[in-house]
Structures are given as C-alpha cells and as structure tokens.
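Residue numbering for the sequence shown follows my numbering, starting at -18 and increasing by one per position. Note that CB positions come from ideal geometry on N, CA and C, so glycine has one too. As the structure is a prediction and not an experimental result, all values here were calculated from the model. What follows is a short report on a single structure.
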Amino acid sequence: MLVRRSIIFVSLIVFLFGGCGTSDSTNDSADNNFTILEGSVPGTLIEAFCTDGSYYHTYSTKNGTQKHPFSLKIPKNLNCRLIMSTNEDNLSKKVVTPLRIDTPTGNSPLFYGKSDKASFDYIPLALSRNEITDQTGDGVSDELLDVKVKSGTLVPITPVNDPLDKDNDGIPNIYEDDDADGLYNEIDDDDDNDGIKDMDEDEYKNDHDGDGIKDDEDRDDDNDGIDDDDDDDDYKKYENYGFDDHEDDDDDKDKKDDD
C-alpha cells in the first residue's frame, strides 16, 4: 500500500542516516509502566506490534562485532509480538524473521512483559534469503525463530482471535503475502490481487496501516511509532502529503474544509 510504503521509506531514511545505533525515542529512559527488552543481534531493525495497534521499533547498535546490542521499550501487560529484519535498508534483500518467545512457562509469538527488563541471548537472525524457508519469495520467513528469555519475565499468550494475525500463524498481517506475488502486504499496493488498489478498498479506508485493527480502535493507525493522541500529522497518515493538521484545510480527508 502507498501509505505503508511511505512508512517503510521513512524507516529506510532513518537507517541510512543513522544506521545501526539509531533507536526509537521510546527507549530513552526507564519507566515502571514499561518493559525494556534487551539482547544482541546482527545489525537489524526490531519491531513490536501490539494488540491495541501501538507500534514500537528500534535499531541495534554497531559495536565492531557481529553481535550488536539493542534495547526496545514496550508497555507492560500489553500483548505484543516481535519481528526482526536484517538488510532492512534494501527491500530486495530484506530478511524478515518473526519470533516466538520461549519461556519456562511456555512459548508463543504473542507475549506481554511483566518485569522492568527482560533480556535474550544473542539472536542468530538470517542474513540472506537463502537461509530461510520462504515459499512465496517475499523475504519473510515462513518459520518462527524460537528465542529464549535469559532474564526477566515475559508471559507467553495463546493467540485467540488476534487482530494482528488473522490466520494465527505467528506472522503479522502486514508481513503476510496474501496473493503470493513475492511482495508482503505492507509493500504490496494490491495485496489481494483483485485489480483494485488497496487504497481504494473499504477495508483499507478503515485500516490505513493494514494491521487488522480498525483506525478508530488503533492507538497508532499509521504505524509511525507516535500515539494518535500525540500525532499532529493526520493528513500525511492518510494521503502522504505531509501537512500538519494546523496547515491542512481537510485534515480528516472528508472532502470538506475544516472551517
């Protein structure tokens, strides 16, 4: 989808100018309402998709070795899932790996944080597409990677009617390839291959980031990492023109001037 492509483009610009070591602003300080996830990976993008529609991300930090540390802060007691991508600055080589959290009490791609911090050992992500099982060739692994929790408490949750993953295979909707054309849904502007652009379909108009949560129930309905209550760039969310609301004559895209 076009709006979703713009989100990826912004992420790529952040990576190119900041590279590994650029982190999301949500990671700046400790907070008792949050769990900080820590570990090390090859240079990579780490994303958390949560069931209220909120989105969190960070990049690992270059340190001169293969094991780049990362730190990602997510709300406590909120069900989320982790996705990690290598070569994220090159869409033709990007490798997307969904994770399954392995704990003494069970394992699941869906979990919530209970402690202030939770850490993982080094996570050996695939660096090229020939290292993963990928039937559609979209760069998304068909198999989940099990990662053990080294310290702290993450609680695995059995997914039931999870809006982020409609087929319960552990892969979020946006990283599915519904029409098996080699493009996962987030970058496919016609992800059901019906000849109608996604942006012209009713489903898209009610779910602009394509995560499976309707906009009016989604805490971050453009997946830009900013809570909608704090996001003053609604027009960019919907049409990608980049005007702040106070500069936009029609910031809700209802074809009527705001005045």
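Asked, Found
"Whether Pro137 touches Thr84 by CB criterion (9 Å)", "yes"
"Cβ separation of Lys57 and Thr16, assumed to be a contact under 8 Å, to the nearest whole Å", "5 Å"
"Per-residue DSSP class, three states only, for Tyr103", "strand"
"Where Asn204 falls: helix, strand or coil (DSSP)", "coil"
"Same chain, Cβ closer than 7 Å to Gln116, neighbours up to 5 away in sequence not counted", "Asp123"
"Endpoints, beta strand (DSSP E) assigned at Glu19", "15 to 22"
"Complete alpha helix (DSSP H) runs within the segment 24 to 59 (minimum length 4 residues, chain order)", "none"
"Residues that DSSP places opposite Asn88 in a beta bridge", "Asp83"
"Where Tyr93 sits in the DSSP three-state scheme", "strand"
"Residues of its chain near Pro23, where Cβ-Cβ distance is below 7 Å and the 5 sequence neighbours each way are ignored", "Gln47, His49, Thr67, Leu106, Leu108"
"For Asp119, the three-state DSSP class (helix, strand or coil)", "coil"
"Span separating the alpha-carbon of Val76 from that of Tyr40", "15 Å"
"Separation of Tyr37 from Ala99, as counted between CA atoms", "16 Å"
"DSSP three-state assignment for Ile194, whether helix, strand or coil", "coil"
"Asp127 in three-state terms, based on DSSP", "strand"
"Distance between Asn60 and Phe30 (C-alpha atoms, nearest Å)", "9 Å"
"Presumed contact (8 Å Cβ cut-off) between Asp175 and Tyr165, rounded CB distance", "Between Tyr165 and Asp175 the Cβ distance is about 17 Å, and since that is not below 8 Å, they are no contact."
"Inter-residue spacing [alpha-carbon to alpha-carbon] between Asp146 and Leu91", "10 Å"
"Which of helix, strand or coil DSSP assigns to Asn68", "coil"
"Proximal residues to Gly206 (C-beta, below 7 Å), its chain only, five neighbours per side dropped", "Asp5, Tyr36, Tyr37, His38"
"For Leu53 and Ile27, believed in contact at Cβ under 8 Å, the rounded distance", "5 Å"
"Tyr156 versus Asp33 - alpha carbon distance", "18 Å"
"CA nearest to the CA of Phe101, picked from Val121, Asp70, Ile113, Phe51", "Phe51"
"Where Ile(-11) sits in the DSSP three-state scheme", "Residue placement at Ile(-11) cannot be trusted, given a pLDDT of 41 that sits under 50; what the coordinates show is reported in the next sentence. Here Ile(-11) sits in helix by DSSP."
"Three-state secondary structure (DSSP) of Ile168", "helix"
"Start and end residues, beta strand (DSSP E) containing Val141", "Run containing Val141: none; DSSP gives neither H nor E here."
"Residues bridged to Thr114 [DSSP beta-bridge criterion]", "DSSP output for Thr114 lists no bridge partner at all."
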